[in-house]
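Engineer: Residue numbers (my numbering): 73 to 401.
Here's a structure for you.
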Ligand code: AMP
Ligand code: TRP
């Protein structure tokens, strides 16, 4: 049987939080021995909304350091920067000529993100899922580990690949989304009805993986909870449900096991205190490795170049086949 190819991407647009970590990065690290792994810092995706060039440049390197610190191992996986491999932009064009406007208009993330934009909405924000499809299809990806919020984009990728293959012959491998059960959707601690996101300002919204123990404590202890004291996951109680979900994601337990664990808790305070300890310990090794790596940015830049050099031939071959199938190139 052909070996699985895992591909995933992350935007270098702000401090990585526990939603990214439990929803995506932890899975990437855990699966490194089971497949061929390609991970991408999607800086071209970041340009779909306004960015400050120097800030963006810094964040690309910082995000790379966080990923290596989290356990992405350059001996097992490729980690590279999207804009270092020109084929991503190139395949996007060919796929845009397969995608329909109606399909892209149905993307819920576009609706949310475009409504959140003050001023004009960039065309790139609209075509963003086509770039994501190109990322995935370039490498004959079989599995795409992402959080729940990206599932619709992976479905679109499958659809574009199927349409392309039906019209032009068998060029693309049809990828499967791989969504973790625990950690698939971590909500904001200041408002448990909103997804934890890099772009929400304020210090009580997200727990960032590089937060100090004091910051983690402050954010968890101030988390919005619900009225009542029952420690039970329930859609009507998003606050405690989110805390239980984070506990489950951090310990590897199921949500039910998390409820059982806290059966004797005297209210939410007990849950929060234990959660602080678990998060501090879970994130400690990452923070320590990050401190080492950040003193050596040259090595990190070199690793990213090596990653790009390793994947470029695969991308280039796929683009050549796609162009040829469509009658150009
Ligand atoms: P982004 O922060 O949008 O670049 O997302 C990077 C990865 O983290 C993607 O796989 C997302 O699905 C995942 N992710 C982002 N936010 C969350 C969240 N709040 N809960 C779970 N996964 C998330
Ligand atoms: N769109 C994803 C996000 O915002 C990031 C991403 C870009 C990605 N290309 C990808 C994820 C390819 C998986 C596969 O989270």
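Don't be surprised by glycine CBs; every beta carbon is placed ideally from N, CA and C.
For the ligand AMP, I want to know if residue 144 counts as a neighbour, meaning its beta carbon is within less than 7 Å of at least one of the ligand's heavy atoms.
Structural biologist: One-based indexing of the chain shown puts residue 144 at position 72. Checking every heavy atom of the ligand AMP against the Cβ of residue 144, none is found closer than 7 Å.
Engineer: Could you pull out every unbroken alpha helix (DSSP H) segment of at least 4 residues lying fully inside the region 162-215, listed in chain order?
Structural biologist: Within the region 162-215, the complete alpha helix (DSSP H) runs of at least 4 residues are 173-177, 180-188 and 195-210.
Engineer: How about residue 267 and residue 103: are their beta carbons less than 8 Å apart?
Structural biologist: If you number the chain shown from 1, residue 267 lands on position 195. If you number the chain shown from 1, residue 103 lands on position 31. For residue 267 and residue 103, no; Cβs fall outside 8 Å.
Engineer: Just grab the DSSP bridge partners of residue 248 for me.
Structural biologist: Locating residue 248 in the chain shown gives position 176, counting from the first residue. Answer is 215.
Engineer: Is the number of C-beta pairs between the region 248-265 and the region 321-336 that are closer than 8 Å three or more?
Structural biologist: The answer is yes - the region 321-336 touches the region 248-265, with three or more Cβ pairs under 8 Å.
Engineer: Taking the straight line between their C-alpha atoms, what separation do you get for residue 363 and residue 204?
Structural biologist: What you label residue 363 is simply residue 291 of the chain shown in a count that begins at 1. What you label residue 204 is simply residue 132 of the chain shown in a count that begins at 1. Distance between the alpha carbons of residue 363 and residue 204: 31 Å.
Engineer: Is residue 114 near the ligand TRP - that is, is its Cβ less than 7 Å away from at least one heavy atom of it?
Structural biologist: Indexing the chain shown from 1 puts residue 114 at position 42. At least one heavy atom of the ligand TRP is nearer than 7 Å to the Cβ of residue 114, so yes.
Engineer: For the beta strand (DSSP E) that contains residue 77, what are its first and last residues?
Structural biologist: Walking along the chain shown from the start, residue 77 turns up at place 5. Run containing residue 77: 77-82, per the beta strand (DSSP E) assignment.
Engineer: Would you mind working out which of 200, 115, 138 and 387 sits nearest residue 212, comparing C-alpha positions?
Structural biologist: Stepping through the chain shown from its first residue, residue 212 is reached at position 140. When only C-alpha atoms are compared, the closest one is 387.
Engineer: For a minimum of 3 consecutive residues, which ranges assigned as the beta strand (DSSP E) are wholly contained in the region 112-170?
Structural biologist: You should have 149-153.
Engineer: Here's the rule I'm using: 16 or more other beta-carbon atoms within 10 Å means buried, otherwise exposed. How should residue 241 be labelled?
Structural biologist: The residue given as residue 241 occupies position 169 in the chain shown. By the 10 Å Cβ count, residue 241 comes out exposed.
Engineer: Measuring only the C-alpha atoms, how far is residue 180 from residue 301?
Structural biologist: Stepping through the chain shown from its first residue, residue 180 is reached at position 108. Stepping through the chain shown from its first residue, residue 301 is reached at position 229. Cα-Cα distance, rounded: 34 Å.
Engineer: So what does DSSP say about residue 356, is it helix, strand or coil?
Structural biologist: Residue 356 sits at position 284 when you count from the first residue of the chain shown. Helix, per DSSP.
Engineer: Could you tell me which residues DSSP puts in a beta bridge with residue 259?
Structural biologist: As a working note, residue 259 is residue 187 in the chain shown. In DSSP, residue 259 forms a bridge with 267.
Engineer: Taking the beta carbon of residue 400 as the centre, do at least 16 other beta carbons fall within 10 Å, making it buried, or is it exposed?
Structural biologist: For this step, residue 400 is matched to residue 328 along the chain shown. Exposed, since its Cβ has fewer than 16 Cβ neighbours within 10 Å.
Engineer: Runs of 3 residues minimum, wholly inside the region 261-346: which ones carry the beta strand (DSSP E) assignment?
Structural biologist: Runs found: none.
Engineer: Does the region 366-373 come close enough to the region 278-298 that 3 or more CB-CB pairs lie under 8 Å?
Structural biologist: They do not touch, by the three-pair rule.
Engineer: How about residue 78 and residue 96: do their beta carbons lie closer than 8 Å?
Structural biologist: Within the chain shown, the letter at position 6 stands for residue 78. Within the chain shown, the letter at position 24 stands for residue 96. Their beta carbons are not under 8 Å apart, which means residue 78 does not touch residue 96 by this criterion.
Engineer: Does DSSP put residue 88 in a helix, in a strand, or in coil?
Structural biologist: Here the question's residue 88 lines up with position 16 in the chain shown. Coil at residue 88, not helix or strand.
Engineer: For residue 195 and residue 345, what's the separation of their Cα atoms in angstroms?
Structural biologist: In the chain shown, counting from the first residue as 1, residue 195 sits at position 123. In the chain shown, counting from the first residue as 1, residue 345 sits at position 273. Cα to Cα, the separation comes out at about 46 Å.
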